[in-house]
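Undergrad: Pasting in a structure now, in structure tokens, and then I'll have a few things to ask.
Protein chains: 2
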Amino acid sequence: MPDRNRQILLVETPKGKLGTQHFRLAEALLPQPQEGEVLARVRYISLDAANRAWMQGATYRSAVQAGSVMAGGALAEIIESRSPALQPGDLIFADTGWQDYAVLPAWRARKLPPLEPLTHLLSVYGIAGLTAYFGLLRVGKPGPGETVAVSAAAGSVGSLAGQIAKIKGCRAIGIAGGAEKCAWLTGALGFDAAVDYKAGALPKALKAAAPDGIDVYFDNVGGDVLEACLFQMNLRGRIACCGAVSQYDGAPQPHGPRGVPGLIVVKRLTLQGFIVMDYEAERDGAIAELKSWVDAGRLVVQEDIIDGLENTPGALIGLLAGENRGKRMVKVA
Amino acid sequence: MPDRNRQILLVETPKGKLGTQHFRLAEALLPQPQEGEVLARVRYISLDAANRAWMQGATYRSAVQAGSVMAGGALAEIIESRSPALQPGDLIFADTGWQDYAVLPAWRARKLPPLEPLTHLLSVYGIAGLTAYFGLLRVGKPGPGETVAVSAAAGSVGSLAGQIAKIKGCRAIGIAGGAEKCAWLTGALGFDAAVDYKAGALPKALKAAAPDGIDVYFDNVGGDVLEACLFQMNLRGRIACCGAVSQYDGAPQPHGPRGVPGLIVVKRLTLQGFIVMDYEAERDGAIAELKSWVDAGRLVVQEDIIDGLENTPGALIGLLAGENRGKRMVKVA
């Protein structure tokens, strides 16, 4: 049993862009689990744009306080259990924070099935896959033949959302940063078209990629991309509001997109925010359907795995800069 | 049979604030109805913020062109008919334009039941009443005990929407301009609270009026009021996007409200645009229910009737400045 635990602390709440100076690697004594608690070894830490949002204030969870262990979900393995709900060797998903080991109440851990590759539990069968699945199918509700646009399309959620749209008989348009990512979307992932938002003239490029307009927009980014999509939406279009990653790192824009609420009224649009926890009751069915697509080779699962706990801050900073393709995670053990 | 027809022309498309100089009273020969057409005498012209929006470009209808008769809905009486669908003496609602008489295809007129007072056909049983009814009940979907906020609450739609919220067991908060309107809302109309947006400190006043937050916001105005409401919305709140009157007259704000999409995601809000025509199939049932409330004295119908076709431009300009209470219309004949 180890008695030392490496931890990455959030040193201060970033005012502008997140940098490595906001983090510090520290070592602490490993606490003993109390009655009802477990000791878990962190295997893979999930990197998500939401990590950054949590630093700014309360969202669907309370804010991460400066001086504490950086919060983050991870795939972990039970080492010691003082709860009948979990046994040593069990795999769990939990907010362990960025550290080698975590002690937490058993009720805060979700037991996961053993499944290979393990990393799929954090990508397609994890929050990313379920977010893509429910956001597209329950919120966006595209019909066959409709045009679905997805932003951050090369990311963990977007890459799956666009492919699910294709599986459901839609035309899928990906919006991503850089020609390379765009080529990957239309090549390996089978998107019908891709738009490079960094190339400028986004409204025009979007119109060319979606000449019949957009019926469903899966929004991961907010900001200018949301604005450009609002203008291309078709009558009775739906926007699934999943995130606003363009606004998380650095000073958020002082205003929202033009066209709110004017275009919403005139086009009778629906914008709906959601969060994967809202669909807990449908989780098992969703995972079964995602697995059937993966097993049939219809869903390409891209993962971006970085080695070493000490590299977690850099991995998040890079993710916010858009350097990843697919689901980024850090292998801790 | 008259052979002269007074008409109000839109002289030029206004760039900024609408003024009387944008209109001109003219006289034209009265055309003869052709096969399938009717000649109607305009009785009451409906004034709506949408009249102003139509000048700026295509919305759910094509833009009003400079030099043509100003468009507008009206209650009119059939004088001559060359269609089996309508008979002389029938009452219709149609986009007659601002003039004494109109010739139009019979299929563009909706036949109305004879009902006293006639003006109710333009207010509570017309577009205003149906917009309030469907927007609140089908889009906002408030449950009993929920808090409903309504902007432009002293206007034709808002004054009814707030009262319907009360009938449905909700707490109704009105947002209006000026202490007098606010006193009227909480007095004669029975709103639980009213907020004067012209008094400043809107977010604070809103919080005081809705200490438990807002569950449903019926948005007639967009802009700063929408922004303030977004910040007070409760989890899973719904915003019925009915109009954006704050943006119609003069230069629209270059951006939308802060909090889009961030607050939509975090609070899982739904913003939905709608237009009364979307609920055509449910129209008769809605009117029957509205009538039952009016007959029982549960729904106060406020009308603001101005006399004379020549006063229509001023009546619209005043409506955009918020000088009316309840449904404004012009009595032509």
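So the protein lines, in turn, are chains A and B. Quick note on our numbering: the first sequence kicks off at 38 and runs consecutively. Quick note on our numbering: the second sequence kicks off at 38 and runs consecutively. Ideal Cβ positions, reconstructed from N, Cα and C, are used throughout, including at glycine. Keep in mind the model is a prediction, meaning the values are calculated, not measured.
Output, in sequence order along the chain, the residues in the region 294-319 of chain A whose CB is closer than 7 Å to any CB in chain B.
TA: If the cut-off is 7 Å between Cβ atoms, the region 294-319 of chain A has 294, 295, 296, 297, 298, 299, 301, 302, 303, 304, 305, 306, 307, 308, 309, 310, 311, 312 and 315 near chain B.
Undergrad: Unbroken beta strand (DSSP E) runs of length 3 or more, entirely within the region 42-69 of chain A: which are they?
TA: Listed in chain order, they are 60-66.
Undergrad: Cβ of residue 141 of chain B within 9 Å of Cβ of residue 64 of chain B?
TA: Contact: no.
Undergrad: Rounded to a whole number of angstroms, what is the C-alpha to C-alpha distance between residue 110 of chain B and residue 346 of chain B?
TA: For residue 110 of chain B and residue 346 of chain B, the distance between alpha carbons rounds to 13 Å.
Undergrad: Against residue 284 of chain B, what residues of chain A qualify as contacts under a CB-to-CB distance less than 7 Å, listed in chain order?
TA: Within 7 Å Cβ-Cβ: 299.
Undergrad: Taking CB distances under 9 Å as the criterion, tell me whether residue 132 of chain B reaches chain A.
TA: Not an interface residue.
Undergrad: Go to residue 255 of chain A, then tell me how far its beta strand (DSSP E) extends in each direction, as first and last residue.
TA: It spans 251-256 - the beta strand (DSSP E) in which residue 255 of chain A sits, taken as one unbroken run.
Undergrad: Could you say if the region 216-236 of chain B and the region 279-286 of chain B meet the contact criterion of at least three C-beta pairs nearer than 8 Å?
TA: Too few Cβ pairs lie closer than 8 Å, so no.
Undergrad: At a cut of 8 Å, does the region 136-153 of chain A reach the region 69-89 of chain A through at least three beta carbon pairs?
TA: In short, these stretches touch, since the Cβ pair count reaches three.
Undergrad: Taking the DSSP output, what are the residues bridged to residue 77 of chain A?
TA: In the DSSP output, where bridge partners are listed per residue, residue 77 of chain A has A:115 and A:139.
Undergrad: Compare the C-beta of residue 180 of chain B with all C-beta atoms of chain A and state if any pair is closer than 9 Å.
TA: False, the Cβ-Cβ gap to chain A never drops below 9 Å.
Undergrad: Please give the ranges of any beta strand (DSSP E) in the region 317-364 of chain B, keeping only runs that are unbroken, at least 3 residues long and fully inside the region.
TA: List check, beta strand (DSSP E) in window: 340-344.
Undergrad: Chain B beta carbons: is any one of them nearer than 9 Å to that of residue 195 of chain A?
TA: Residue 195 of chain A does not count as touching chain B.
Undergrad: Assuming the contact rule is C-beta atoms closer than 8 Å, residue 388 of chain A and residue 157 of chain A should be a hit. Round their C-beta distance to whole Å, please.
TA: Residue 388 of chain A lies beyond the residue range present for chain A, which begins at 38 and ends at 370; the question has no answer from this structure.
Undergrad: In the structure shown, what three-state DSSP assignment does residue 223 of chain A receive?
TA: The answer is helix: DSSP assigns residue 223 of chain A an H, G or I state.
Undergrad: Just to confirm, is the Cβ distance from residue 300 of chain A to residue 260 of chain B under 9 Å?
TA: No, the Cβ-Cβ distance between residue 300 of chain A and residue 260 of chain B is not below 9 Å.
Undergrad: Out of curiosity, what's the CA-to-CA distance linking residue 267 of chain A and residue 312 of chain A?
TA: One C-alpha to the other measures close to 21 Å.
Undergrad: DSSP puts residue 99 of chain A in a beta bridge; with which residues?
TA: None; residue 99 of chain A has no bridge partner.
Undergrad: Just checking: is the beta-carbon of residue 219 of chain B within a distance shorter than 9 Å of some beta-carbon in chain A?
TA: Answer no: the Cβ-Cβ gap between residue 219 of chain B and chain A never drops below 9 Å.
Undergrad: Return no unless some Cβ of chain A is closer than 9 Å to the Cβ of residue 269 of chain B.
TA: Cβ-Cβ to chain A under 9 Å: no for residue 269 of chain B.
Undergrad: Taking the alpha carbon of residue 371 of chain A as the reference point, which residue from A:324, A:335 and A:359 has its own alpha carbon closest?
TA: The structure shown does not extend to residue 371 of chain A, since chain A is modelled only from 38 to 370, so the question has no answer here.
Undergrad: Would you say residue 276 of chain B faces chain A, with C-beta separation under 9 Å as the test?
TA: Yes, residue 276 of chain B counts as interfacial toward chain A.
Undergrad: Could you name the residues of the region 233-256 of chain A whose beta carbon sits closer than 9 Å to any beta carbon of chain B, in the order they occur along the chain?
TA: Going along the region 233-256 of chain A in chain order, one finds 256 with a Cβ nearer than 9 Å to chain B.
Undergrad: Check each candidate in B:204, B:199, B:51 and B:147 and name the one with the smallest Cα separation from residue 330 of chain B.
TA: Of the candidates B:204, B:199, B:51 and B:147, the one whose C-alpha sits nearest the C-alpha of residue 330 of chain B is B:204.
Undergrad: Using beta-carbon positions only, say whether residue 234 of chain A and residue 212 of chain A come within less than 9 Å of one another.
TA: Result yes, Cβ atoms of residue 234 of chain A and residue 212 of chain A sit closer than 9 Å.
Undergrad: With a threshold of 8 Å, are at least 3 pairs of Cβ atoms found where one atom belongs to the region 314-334 of chain B and the other to the region 168-186 of chain B?
TA: They touch, by the three-pair rule.
Undergrad: Please list the segments of the beta strand (DSSP E) lying wholly inside the region 169-207 of chain B, counting only runs of 3 or more residues, in order along the chain.
TA: The qualifying runs are 184-188.
Undergrad: Rounded to whole angstroms, how far is the Cβ of residue 112 of chain B from the Cβ of residue 161 of chain B, which I believe are closer than 8 Å?
TA: Not a contact, Cβ separation roughly 13 Å.
Undergrad: Can you name the start and end residues of the alpha helix (DSSP H) that residue 274 of chain B belongs to?
TA: No alpha helix (DSSP H) contains residue 274 of chain B, which is instead part of the beta strand (DSSP E) from 270-278.
Undergrad: Taking 9 Å as the CB-CB limit, is residue 97 of chain B close to chain A?
TA: Chain A contact via Cβ: present.
Undergrad: Who pairs with residue 235 of chain A in a beta bridge, going by DSSP?
TA: BP columns for residue 235 of chain A are empty, so no partner.
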